[in-house]
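*Asks:*
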Amino acid sequence: MTGAFETEDDAREGPRRHYVREGMNFSGFPREGVAWFDALALSQSREWFQAHRAAYESLWLEPMKALLDELRAPVAKIYGKKISPGKIFRINRDVRFSKDKRPYKTNIAAVLKFEDSPAMEGPAALYLHLGAEEFVGFGFYRLEPPSLKKLRGKLLDEKEGPRLQALFDAAKKVGFQSDALEKLKRPPPGVAKDHPRVELLKNKSLALGRDDIPKSVRYSAGLKDWLVEQTAVAAPIVKWGIKEKL
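In numbering that gives the first Met the number 0, the protein residues as written are 0 to 245.
#1: Taking the alpha-carbon positions, what's the residue 137 to residue 226 distance?
#2: How many angstroms separate the CA atom of residue 185 from the CA atom of residue 65?
#3: Where does residue 110 sit, in a helix, a strand or coil, going by DSSP?
#4: Could you tell me how far apart the beta carbons of residue 97 and residue 220 are, in whole angstroms, since I believe they sit closer than 8 Å?
#5: Closest by CA to residue 161, which one among 200, 86 and 34?
#6: Would a check of beta-carbon distances place residue 38 closer than 8 Å to chain B?
#7: If you reduce the DSSP assignment to three classes, tell me which class residue 167 lands in.
#8: Going by beta carbon distance, what residues of the same chain come within less than 7 Å of residue 52, once the five residues before and after it are set aside?
#9: Starting from the Cα of residue 166, find the closest Cα among 156, 122 and 239 and give me that residue.
#10: Alpha helix (DSSP H) containing residue 50: first to last residue?
#11: Please tell me whether residue 83 and residue 140 are closer than 8 Å, where the distance is taken between their beta carbons.
#12: Measuring only the C-alpha atoms, how far is residue 173 from residue 208?
#13: Taking all protein chains shown into account, decide if residue 69 is buried (16 or more other Cβ within 10 angstroms of its Cβ) or exposed.
#14: Under the DSSP definition of a beta bridge, which residues are partnered with residue 209?
#15: Look at residue 163 and residue 153 and say whether their C-beta atoms are less than 8 Å apart.
#16: Mind checking which residues open and close the beta strand (DSSP E) that includes residue 147?
#17: Name the two residues that bound the continuous beta strand (DSSP E) containing residue 124.
#18: Which same chain residues end up closer than 6 Å to residue 128 when comparing Cβ atoms and leaving out the 5 residues on each side of it in sequence?
#19: Does residue 237 pass the burial test, meaning 16 or more other C-beta atoms within 10 Å, or should it be called exposed?
#20: Pick helix, strand or coil for residue 55, following the three-state DSSP scheme.
#21: For the beta strand (DSSP E) holding residue 98, just list the boundary residues, first then last.
#22: Can you tell me whether DSSP reads residue 85 as helix, strand or coil?
#23: Starting from the C-beta of residue 42, find all residues in its chain whose C-beta is less than 6 Å away, skip the five residues before and the five after it, and write them out in chain order.
#24: Rounded to whole angstroms, what's the CA-CA distance from residue 46 to residue 114? Just pull it up for me.
#25: Report the residue from 110, 91, 35 and 156 whose alpha carbon sits nearest the alpha carbon of residue 230.
#26: Between which two residues does the alpha helix (DSSP H) carrying residue 228 extend?
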């Protein structure tokens, strides 16, 4: 056996620990995988999912296991920190408090986190979801009020603020967005509309994301190298947040 990872296949049972099969290498996600999610979206039934579970495992779950296993070492090298075993989120939607009762997601999602972070907290060293939608993200999602207050204080500082803005500007030049997640419609109280960092001050997260995975790597082994490249771009911002103990 090689690398371990966790999945959340059944919320009632909690996360399970699995292992990537020895000798299994990431060679890309099969092109027909999106069609599988399209069919799931049309059915949205447990009967259909159970009948086609094996296809889900071969098209999505097994390749994702191998990808996470191969990403851990290069991602750890970029951050200079140990990375926990990858976690694959369960495909079942949490519908307890939602008007949308569709039982299944139409993507597979996974995250690499730092070993010294609490299990469900702390920044994402790398977050990825693929399927009917695609997204790559890094950083601190939905900061708690004390951390958000601290971040905004740093952004308002005339020395630290421009430094952080420069990190985001560099990431934007290669395709990242800093406002892909939840943000305020208006500036926070006390912040002028024309403040030079007003857009960053509206954010509720310290994070970067993009939803434009190149077609040239989407279904090939090259996806791993592309994700490592994106991690290198995003890492300075994540490291900044870790240094500031957000």
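Think of the CB as a built atom: it goes at the ideal place given N, C-alpha and C, for glycine as much as any other residue.
Values in this document were obtained by computation on a predicted structure and should not be read as measured data.
*Replies:* According to the structure data:
#1: 11 Å
#2: 43 Å
#3: strand
#4: Not quite, the Cβ-Cβ distance comes to about 37 Å (not below 8 Å), so this is no contact.
#5: 200
#6: As a matter of chain content, chain B is missing from the structure shown, which is built from one protein chain.
#7: helix
#8: none
#9: 239
#10: 45-50
#11: no
#12: 11 Å
#13: buried
#14: 135
#15: yes
#16: From DSSP, residue 147 is part of no beta strand (DSSP E) but of the alpha helix (DSSP H) over 144-155.
#17: 123-130
#18: 106, 108 and 134
#19: buried
#20: helix
#21: First-last for residue 98: undefined, no H or E at that position.
#22: strand
#23: none
#24: 38 Å
#25: 110
#26: 221-242
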